[in-house]
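Q:
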Amino acid sequence: MITIEGKPYTIHLKQKIFVPHDFRIYSYNKEGFLNSVTSHVKNLCFYQGYITGFPKSTVTLSICSGLRGLLQFENISYGIEPLVSAAGFEHMVYPININSTAVPFLSHNKMYIETKGLSDIQTDIKAKSDHSKSFPLYLEIHVIVEKNLYEYLGSGTTIITQKIAQVFGLVSRMFSSFNVTIVLSSLELWTDENKISTTGEVDAVLHRFLNWKDSYLVLRQLDMAYLLVYRNTSDYLGATFPGKMCERKYAGGVAIVCKDNKCCNAATCRLQPGAKCSLGQCCSGCQFIKKGTICRQQLDQDCDVPEYCNGSSAFCQPDLFVQDGRPCRSRTAFCYKGKCPSPDNQCRSIFGKDVENGAFPCYEELNSKTDRSGSCGRTKTGYKLCQWKDLRCGKIICKYKSSKPFFQTQATVIYVSVNGHVCITLDYRLHYQKQDPIWVYDGSLCGFKQICLNRECVDVSVLGFDCYLKCNGHGICNSRKNCHCDPGWLPPDCKTQGPGVGGSIDSGLLSVSDKLLVERYSNNIWSNWMLLIILPLVMLLVMIIIPVIKYSGLTIRTHAVESQSDDLKPELQKTLENGWALYSTGNLGFCFIDQTLYELELYGIFLF
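The sequence shown begins at 1 in this note's numbering and counts up by one.
1. One question on the structure: do S373 and I414 come within less than 9 Å of each other, judged by their Cβ atoms?
2. At what residue ranges does the stretch 346–403 contain a whole run of the beta strand (DSSP E), taking only runs of 3 or more?
3. Is P437 helix, strand or coil by DSSP?
4. Please state the DSSP three-state secondary structure of S461.
5. Measuring only the C-alpha atoms, how far is H431 from G252?
6. What first and last residue would you give for the alpha helix (DSSP H) that runs through N211?
7. Quick check on N75: does DSSP put it in helix, strand or coil?
8. Pop quiz: T198 and V229 are said to be a contact at Cβ under 8 Å. What is the actual Cβ separation, rounded to whole angstroms?
9. Please report the residue range of the alpha helix (DSSP H) in which I51 lies.
10. Nearer than 8 Å: is that true of the beta carbon of C263 relative to any heavy atom of the ligand ADP?
11. Can you have a look at D371 and say buried or exposed, based on whether 16 or more other CB atoms are within 10 angstroms of its CB?
12. Starting from Q298 and walking both ways along the alpha helix (DSSP H), at which residues does that stretch end?
13. State the start and end residues of the unbroken alpha helix (DSSP H) segment that holds R480.
14. Would you call I76 buried or exposed, if buried means 16 or more other Cβ atoms sit within 10 Å of its Cβ?
15. Use the C-beta contact count for K395: other C-beta atoms within 10 angstroms, 16 or more gives buried, fewer gives exposed.
16. Can you tell me the Cα-Cα spacing of D427 and L299, whole angstroms?
17. Mapping DSSP to helix, strand and coil, what is I556?
18. Which of helix, strand or coil does DSSP assign to L170?
19. For D466, which of N478, C457, L279 has the nearest alpha-carbon?
20. Look up V413 in the DSSP assignment and give the residues it is bridged to.
21. For T191, which residues from the same chain have a beta carbon less than 6 Å from its beta carbon, with the 5 sequence-adjacent residues on both sides left out?
22. What are the boundary residues of the alpha helix (DSSP H) that K244 is part of?
23. What do you get for N480, buried or exposed, if any count of 16 or more other CB atoms within 10 angstroms of its CB means buried?
24. Return the CA-CA distance between T115 and C386, expressed in angstroms with no decimal places.
25. Please state whether DSSP places S504 in a helix, a strand or coil.
26. What is the DSSP secondary structure of T158, counted as helix, strand or coil?
27. DSSP beta-bridge partners for M92?
28. Going by C-alpha distance, which of I182, C485, C283 is nearest G498?
29. For F288, does the count of other Cβ atoms within 10 angstroms reach 16, so buried, or fall short, so exposed?
30. Could you pull out every residue in the same chain whose Cβ sits closer than 8 Å to the Cβ of G621, ignoring the five residues on either side in sequence?
31. In terms of alpha-carbon separation, which member of I397, P437, Q435, K389 lies closest to F448?
32. Roughly how many angstroms lie between the CA atoms of S176 and R348, to the nearest whole one?
33. State the CB to CB distance for the pair Q72 and S62, rounded to an integer number of angstroms; the pair is presumed to be in contact (CB under 8 Å).
34. Could you tell me the alpha carbon to alpha carbon distance between S444 and L490, rounded to whole angstroms?
35. Please confirm whether Y47 and Q15 have their CB atoms less than 9 Å apart.
36. Based on the DSSP output, what are the partners of C264 in its beta bridges?
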């Protein structure tokens, strides 16, 4: 029985194990090496139940070292913790304020939601749900607490572990009606620095997290992973791929703090009057952000392109990059999938900053083997032998300079001495169908105008780069083979100068009126150039004709000014003292030279 605000409540509890006996906590030391310890959290301490008289209530408590947990009534929740300074068995019960649930649970950015195979997944989930009616299911979740949340929760491993365990006790209780047990398999704390950037749009954070998970959590015992992020404000509670959590590639999520959305009417689920948007990279203050504002920075200076808000949408344009095969890094490498791959950088990302790509003898020594120390891949039957030309495309082999041994808890470290240098690589012992993070990145240089693709060294021409002159020296081709123009140059071919940030036809910056403006601008430029060319030619023609008329007298019928002046139209009755003037009417031309009128038969010389 627990007393809350002076009123006693009877609580029914039953032991529930949702933390394994070998529960581990992972963290990184200052050198960036991963450490793990067995947690002191006792898996027999947790109980779940309900409050008598409140059929929809939920209780989850830890009874070791006092009572600690959550009591959720139908419309209000309370927390309970022991008073550390109290002499007796005293506890503090306090109400928990729940923020507005009008905030979207997940990001609404449809650009990232992939639906391929979704029906099959849903069918599989339904089948498993039916199966779970008679057999219990277990879902093992690895939780990662990023640095900001770690500091916000008090920077203490013990207290943070207890709080996370409480939350998952409540989650496990919610899923118990489906005969599903949520297991907190392990916890990871980013105490020193975040391993990925947690800033920016939550969808982008989710993608970075999933990529990181596929590389660094391959050996953990888990069904899915969650990254918990703290922010002062946020538009969402989190991000995940709805309906795809049963696929290992998408088995992850990002949970963040939320805030009230002032742009939406929660009761009607519609925008407030005057609001044009409520969320998105190109939405601010419920209005579309100005056209031409960068909404996604380029991640690679050579091989990525920025995206812009188009002024009429709340969301950024699709994420494009430079066409594969374009030279990068001072023409020492080639762009591939938005990056300029570098074996040196890959080595540093794995082994630290004082490491560089190994010399060819290192690759020859290790990747010529067909075992865990080196190969060009794995099949169901074993390791794949590298052909001599493919040696640089198997495992990444690095030159290790440090005198301290390298520690890696998730893989075996392999050293070999070649020509007085220490060569190093790793063996993750993955299933042959898993993507091994130690393979040389696709797109990495392996020879003269050759790159690695699928652990083979091939000619870079296979990428089909064909954008040498298309953008007229004022832009580059993007991954859709359309010109992305420099600022001050207009798409689609970057041939015409004009206002704006440049971009491409994929940037969404050009409306129908803008396209007409570009066309008129281009036509005006062409007309101006024609005038600059034609006027000097006309002047040159006049200067040539006049001396011929004056001194040779060829093909000219000469008349006195007095005898012709009466027959000329008023606009032609003009003489110049010691000068000349040129007039034309129909097929005749008239030229005054030294007060004498010459009549010329004009012939077509230029066609405009």
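Here a beta-carbon is modelled for each residue, glycine too, at the ideal position from N, C-alpha and C.
A: Straight from the coordinates:
1. yes
2. 355–357, 398–400
3. coil
4. helix
5. The straight-line gap from Cα to Cα measures roughly 20 Å.
6. 202–216
7. Correct three-state label for N75: coil.
8. 5 Å
9. That residue, I51, is in no alpha helix (DSSP H); its beta strand (DSSP E) goes 46–51.
10. The model on display carries no ligand, and the ligand ADP is accordingly not part of it.
11. exposed
12. That residue, Q298, is in no alpha helix (DSSP H); it is neither H nor E in DSSP.
13. Counting along the chain, R480 falls outside any alpha helix (DSSP H), and DSSP gives it neither H nor E.
14. exposed
15. When all chains shown are included, K395 counts as buried.
16. 29 Å
17. Interpretation of I556 is limited by its pLDDT of 40, a score under 50 that renders its predicted location unreliable; no figure is taken from the coordinates.
18. L170 falls in the helix class under three-state DSSP.
19. N478
20. L426
21. S27, Y150
22. Neither: K244 is in no alpha helix (DSSP H) and is coded neither H nor E.
23. As written in the sequence, residue 480 is Arg, which differs from the Asn given in the question. Its Cβ having fewer than 16 others within 10 Å, R480 is exposed.
24. Note that T115 scores a pLDDT of 36, beneath 50, so its modelled location is shaky; the value from the coordinates is reported in the next line. About 37 Å.
25. It is coil, neither helix nor strand.
26. helix
27. E81
28. C485
29. buried
30. A question about residue 621 goes unanswered here, because the residues of the chain that appear run from 1 up to 608.
31. K389
32. 45 Å
33. Contact flag wrong, Cβ pair sits at about 15 Å.
34. Approximately 33 Å between the Cα atoms of the pair.
35. yes
36. In the DSSP output, where bridge partners are listed per residue, C264 has L271.
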